[in-house]
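Engineer:
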Amino acid sequence: MALEILMPALSPTMEEGTLSKWLVSEGDVVQSGDLLAEIETDKATMEFEAVDEGIISKLLVAEGTANVKVNSAIAILLEDSDAEDATVPAKAPTLMTTATIAPTLQVSATTAPVAANGTRIFSSPLARRIAANKGLNLATITGTGPKGRIVKADLSTAASTADIAAPSPKVTMLTSTNAATVEAMYQGRAFKTVPLDGMRKVIAARLTEAKQTIPHFYLRRDIHLDKLLKARTEINKELEQRGVKTSVNDFIIKACALALQKVPRANAVWAGDRVLQMEASDISVAVAIEGGLFTPVLQDAEVKSLSHLAVEMKDLAARARNRKLAPHEYQGGSFSISNLGMMGIDNFDAVINSPQGAILAVGAGKKRPVVLEDGSLSAVTVMSVTMSVDHRVIDGALGAELLNEIVSYLENPLAMLV
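The opening residue of the sequence shown carries number 137 in the working numbering; numbering runs sequentially from there.
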């Protein structure tokens with residue numbers, strides 16, 4: 137039987153991608169778990185692998201092809217048992233995907249389900265995904281597809297035993313008509329049209345959605361950094377032989393992680409009809425890359441040392457800039473940090489990274505004249521921060537409590553070390 141291999145969706149928001157490289161050729165025999173191709177998305181270059189065994193009969197999409205729509209056919213697979221007498225259809229009557237996605241740095245084989253008596257259960261990959269999402273046992277379902285294969289239609293009336301996550305609201309992008317109207321406004325003026333790549337489209341959609349649906353409010357504080365800068369200098373001297381160097385941002389990550397533990401109700405995310413209060417402090421950190429940004433996540437940051445955070449953050453940032461992060465390394469998190477201080481920005485308001493409850497925007501540390509508690513005037517390094525908060529998740533007083541704890545840790549850095 138001939139099966140279509142479909143362009144996979146590597147993320148909930150992916151609508152199209154670039155088929156960067158085929159890892160198989162026509163006529164190759166593939167087993168479950170064999171890598172088939174590399175797909176470039178808006179976030180990273182990923183590999184995907186075969187689920188069914190068979191022979192690659194036809195590659196329908198050439199290497200380097202951009203804007204390949206999700207669920208469009210990219211190759212034809214002939215199952216081994218039917219390779220001799222099967223013919224490749226001009227257009228297959230049913231679409232049965234034969235691949236699952238595996239991150240470049242984390243490849244795992246997906247095997248076909250097996251009944252309790254050891255007999256293989258024949259089912260399409262789409263049916264397997266639906267069954268997994270609904271918590272259904274394929275062994276209890278009778279297939280109506282070719283040779284008894286379980287297909288999507290067989291699951292449509294099956295009782296669900298697990299909730300299926302609702303898709304994110306779709307955000308309408310600027311239509312071609314509107315684009316033409318805008319271009320007409322600048323008729324006679326020189327300009328360059330820059331098409332949106334996948335990452336730019338996703339950023340535009342997600343941030344538009346965030347500003348339209350999340351009730352932001354903002355809390356601002358100035359932080360005296362001199363104690364932290366002194367502590368950082370001493371710590372870096374101790375770490376020099378290990379080749380590790382902490383940054384101010386590493387201290388900020390640690391301070392936010394510990395503050396979320398002290399104010400656990402603020403360590404939360406919005407889940408539509410409920411709020412999820414997280415146990416660990418998983419901190420997302422914005423990393424600028426060419427054409428966009430990534431927010432890699434440092435999991436369990438509250439229990440990691442400053443040196444550990446420094447090493448991990450350096451690794452994540454480097455791989456983010458090369459678009460080599462696996463999805464689990466940039467998805468999730470309950471709190472974000474965006475730091476533009478190194479660019480000389482005094483303060484700014486960041487857009488909340490949905491579904492997280494808050495994001496901290498960090499400005500530059502600059503010497504300012506400050507009146508101390510004893511009334512004397514002194515030059516103090518001051519850093520301004522602004523916390524954008526989702527009012528559905530965190531109320532004003534709770535947000536203020538969280539920000540005050542962050543400030544306390546940063547102004548008394550030794551508290552982060554004990």
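Idealized CB from N, CA, C, for every residue including glycine.
From a predicted model like this one, the values you see are computed outputs, not experimental measurements.
Ignoring anything shorter than 4 residues or poking outside the region 357 to 397, list the alpha helix (DSSP H) runs there in chain order.
Structural biologist: Complete alpha helix (DSSP H) runs here, min 4: 362 to 375.
Engineer: Under DSSP, the alpha helix (DSSP H) around R455 begins and ends at which residues?
Structural biologist: Residues 442 to 457.
Engineer: According to DSSP, simplified to helix, strand and coil, what is M150?
Structural biologist: DSSP places M150 in coil when its eight states are reduced to three.
Engineer: Does the pairing of the region 408 to 427 with the region 470 to 486 give three or more beta-carbon distances under 8 Å?
Structural biologist: Taking 8 Å as the limit for Cβ pairs, the verdict is that the region 470 to 486 does touch the region 408 to 427.
Engineer: Roughly how many whole angstroms lie between the Cα atoms of A404 and H352?
Structural biologist: Each residue's alpha carbon lies about 15 Å from the other.
Engineer: For V498, report the span of its beta strand (DSSP E) as first-last.
Structural biologist: Residues 494 to 507.
Engineer: Are there 16 or more other CB atoms within 10 angstroms of the CB of S161, so buried, or fewer, so exposed?
Structural biologist: S161 should be labelled exposed.
Engineer: Just to confirm, is the Cβ distance from V204 to G284 under 8 Å?
Structural biologist: No.
Engineer: State the Cα-Cα distance for the pair G499 and N483, rounded to the nearest angstrom.
Structural biologist: Distance between the alpha carbons of G499 and N483: 5 Å.
Engineer: If you run the structure through DSSP and keep just helix, strand and coil, what is M137?
Structural biologist: The answer is coil: DSSP assigns M137 none of H, G, I, E or B.
Engineer: Which first and last residues belong to the beta strand (DSSP E) in which L171 is found?
Structural biologist: Segment 171 to 176, the beta strand (DSSP E) holding L171.
Engineer: Run the CB neighbour count on M321, radius 10 Å, all protein chains shown included, and call it buried at 16 or more, exposed below.
Structural biologist: Under this definition M321 is an exposed residue.
Engineer: What distance in whole Å lies between the Cβ atoms of L159 and E174, which are believed to be in contact at a cut-off of 8 Å?
Structural biologist: That pair is a contact at about 7 Å.
Engineer: Closest to V518 by CA distance: which of K502, D510, I530 is it?
Structural biologist: Looking at the Cα atoms, K502 is the closest of the given residues.
Engineer: State the DSSP-derived secondary structure class of A145, mapped to helix, strand or coil.
Structural biologist: Coil at A145, not helix or strand.
Engineer: In chain order, what residues of the same chain lie with their CB nearer than 6 Å to the CB of T522, ignoring the 5 residues before and after it?
Structural biologist: Here the set comprises Y354, R356, N483, D485, A497.
Engineer: Would DSSP call Y545 helix, strand or coil?
Structural biologist: Three-state result, Y545: helix.
Engineer: Given this structure, state the Cα-to-Cα distance separating A202 from R368, to the nearest angstrom.
Structural biologist: Rounded to the nearest angstrom, the two C-alpha atoms are 46 Å apart.
Engineer: Where does the unbroken alpha helix (DSSP H) through K337 begin, and where does it stop?
Structural biologist: That run of the alpha helix (DSSP H) goes 334 to 349.
Engineer: Helix, strand or coil for E189 per DSSP?
Structural biologist: Here E189 sits in coil by DSSP.
Engineer: With distances taken Cα to Cα, identify the nearest neighbour of S147 among L546, G468, L513, N540.
Structural biologist: For S147, the nearest C-alpha among the options comes from G468.
Engineer: Would you call the region 454 to 463 and the region 409 to 418 touching, i.e. three or more CB-CB distances under 8 Å?
Structural biologist: Because the criterion of three Cβ pairs below 8 Å is not met, the region 454 to 463 and the region 409 to 418 do not touch.
Engineer: Of all the CB atoms in chain D, is at least one closer than 8 Å to the CB of I339?
Structural biologist: No chain D appears in the structure shown, which is made up of a single protein chain.
Engineer: Which of the three DSSP states, helix, strand or coil, is assigned to A302?
Structural biologist: Because A302 sits at a pLDDT of 41, beneath the cut-off of 50, its placement in the model cannot be relied upon, and the point is left open.
Engineer: Can you give me the start and stop residues for the beta strand (DSSP E) that I212 sits inside?
Structural biologist: It spans 209 to 214 - the beta strand (DSSP E) in which I212 sits, taken as one unbroken run.
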